[in-house]
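According to our numbering, numbering within the sequence shown proceeds without interruption in unit steps and concludes at 202.
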Amino acid sequence: AWEFESGSNANMNIATSGILVSLLLPAINAAREAARRTDSANKLRQIALSMHIYHEMHKKFPARANFDAEGKPLLSWRVHLLPFLENETLYKQFKLDEPWDSEHNKKLIEQMPDIYRNPNVPSSTMTTYQLPVGKGTIAEGNDGRPMSAISDGAVNTIILLGVNEDQAVTWTKPDVCNIDMEKPLAGFRSVGAGRP
């Protein structure tokens, strides 16, 4: 049997429920934001670890892209890291001698692995995880750099970045995140602002 309250008690219960919901909503949103931050931080850690495994195998970190004979970048470092992120099957589907937007390779864009998906970016093909590129960075030049070329040591060197959502790129595209040494933090997400 169902019992219904009538009169002022029912109105008070509705009002109380409304107040409780309005008090809980910020806590729920904060918990969701913390979960997104944790998810993004874990993905960055996994990608960085796979870069170190890549280094162990190839004696250098991945280059920002692979290049054709004329020096044109073809596919992003993220594609070449796939075998180290348990995605070798997807990696083998790419034509490495063709650009990211060739007829064949652009069909694979939709298969972006979850590891490259930032929880704050709704697109299923865009990523905010990038390599820093510029003089003195891990991705200086067109070839991967060995650990021995990093004068500050790996512990003091940034090998991976999370950029603002408005700077997200197609995950296979060899776009780069150029570092302006005059303003090195320009364009990067601020964890302190509550974003991963």
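Each residue gets a CB set at the ideal place from its N, CA and C atoms; glycine is no exception.
- Per DSSP, residue 96 lies in no beta strand (DSSP E) segment; the continuous alpha helix (DSSP H) that holds it begins and ends at 94-99.
- In this structure, 67 is the residue among 77, 78, 67 and 76 with its C-alpha nearest to the C-alpha of residue 84.
- Assigned with DSSP and collapsed to three states, residue 56 falls in helix.
- Restricting attention to 147, 97 and 36, the CA atom closest to the CA of residue 118 is found in 97.
- Burial of residue 178 is indicated by the presence of at least 16 other C-beta atoms within 10 angstroms of its C-beta.
- The beta carbon of residue 78 sits closer than 8 Å to those of 105, all from its chain and outside the five residues before and after it, given in chain order.
- Within the same chain, and ignoring the five residues on either side of residue 87 in sequence, the residues whose Cβ sits closer than 8 Å to its Cβ are 53, 56, 57, 60 and 68.
- In this model, residue 99 and residue 82 are separated by some 15 Å (Cα to Cα).
- Taking 8 Å as the cut-off, the beta carbon of residue 167 is found closer than this to the beta carbon of residue 138.
- No Cβ-Cβ contact shorter than 8 Å links residue 65 with residue 121.
- Take residue 116, set aside five residues on each side of it, and the residues of its chain with a beta-carbon closer than 8 Å to its own are 130 and 131, in chain order.
- Sequence-distant Cβ neighbours of residue 136 in its own chain, meaning closer than 6 Å and more than five residues away, are 167, 169 and 183.
- The beta-carbon distance between residue 90 and residue 148, rounded to whole angstroms, is 20 Å. This is too long to meet the 8 Å contact definition.
- Counting the other CB atoms within 10 Å of its CB gives residue 145 a total of 16 or more, which places it among the buried residues.
- The three-state reading of DSSP puts residue 33 in helix, counting H, G and I together.
- The continuous beta strand (DSSP E) containing residue 71 extends over residues 71-73.
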